[in-house]
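Residue numbers (this note's numbering): -6 to 115.
Where a beta carbon is used, it is the ideal one built from N, C-alpha and C, also for glycine.
Input: a single structure, listed below in structure tokens.
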């Protein structure tokens, strides 16, 4: 039996969800409702703890991205291993694949004036 775990970290302007274990048909039924409940605000989904993902896991993440979009939020992925990132690109799932949480936040959140000034300052 495969098991996936979801740890949620609430930030001021976004939520980070850390997935670990195996995300497949069996484990998606446990993770899906918990993940969808987070779709009301910008969501960074960290896949670095996954040891396996199948098409059901890919579909679940894609559906979560669509729910986020419908709620006026967005979803970005971090920590995808090269194989998982390739699957997302091959299936054309249209979910931003980011190298870091900082990059994901730039994809998700409208930057504040302070964010822009910090970025310009180097």
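*Assuming residue 33 and residue 66 form a contact by the criterion Cβ under 8 Å, report the distance between their Cβ atoms to the nearest whole angstrom.*
For the purposes of this step, residue 33 is identified with residue 40 of the chain shown, where counting begins at 1. For the purposes of this step, residue 66 is identified with residue 73 of the chain shown, where counting begins at 1. Their Cβ separation, rounded to whole angstroms, is 6 Å, which keeps residue 33 and residue 66 in contact under 8 Å.
_Which residue marks the beginning of the alpha helix (DSSP H) containing residue 108, and which one marks its end?_
For the purposes of this step, residue 108 is taken as the residue at position 115 of the chain shown. 106 to 114 is the extent of the alpha helix (DSSP H) around residue 108.
_I believe residue 70 touches residue 90 by the beta-carbon criterion, under 8 Å. Please report the beta-carbon distance rounded to the nearest angstrom._
For the purposes of this step, residue 70 is taken as the residue at position 77 of the chain shown. For the purposes of this step, residue 90 is taken as the residue at position 97 of the chain shown. About 5 Å; that satisfies the 8 Å criterion.
*asked:* For residue 152, report the span of its alpha helix (DSSP H) as first-last.
replied: A query on residue 152 cannot be resolved here, the shown segment of the chain reaching from -6 to 115 and no further.
*asked:* Give me the residue from 20, 37, 21 with the minimum Cα distance to residue 99.
replied: On the chain shown, position 106 is the one that residue 99 refers to. When each option's Cα is compared against that of residue 99, the closest is 37.
*For residue 88 versus residue 55, is the C-beta spacing smaller than 8 Å?*
Stepping through the chain shown from its first residue, residue 88 is reached at position 95. Stepping through the chain shown from its first residue, residue 55 is reached at position 62. Remark: C-beta atoms of residue 88 and residue 55 approach each other more closely than 8 Å.
*Would you kindly report the start and end of the unbroken alpha helix (DSSP H) that includes residue 50?*
Counted from its first residue, the chain shown places residue 50 at position 57. 48 to 63 is the span of the alpha helix (DSSP H), which, as asked, contains residue 50.
*Relative to the C-alpha of residue -3, which residue among 45, 8, 5, 111 is closest?*
On the chain shown, residue -3 is found 4 positions in, with the first residue counted as 1. The candidate whose alpha carbon is nearest that of residue -3 is 45.
*Would you mind reading off the limits of the beta strand (DSSP E) that contains residue 68?*
The residue you call residue 68 lines up with position 75 of the chain shown. Counting along the chain, the beta strand (DSSP E) containing residue 68 begins and ends at 68 to 71.
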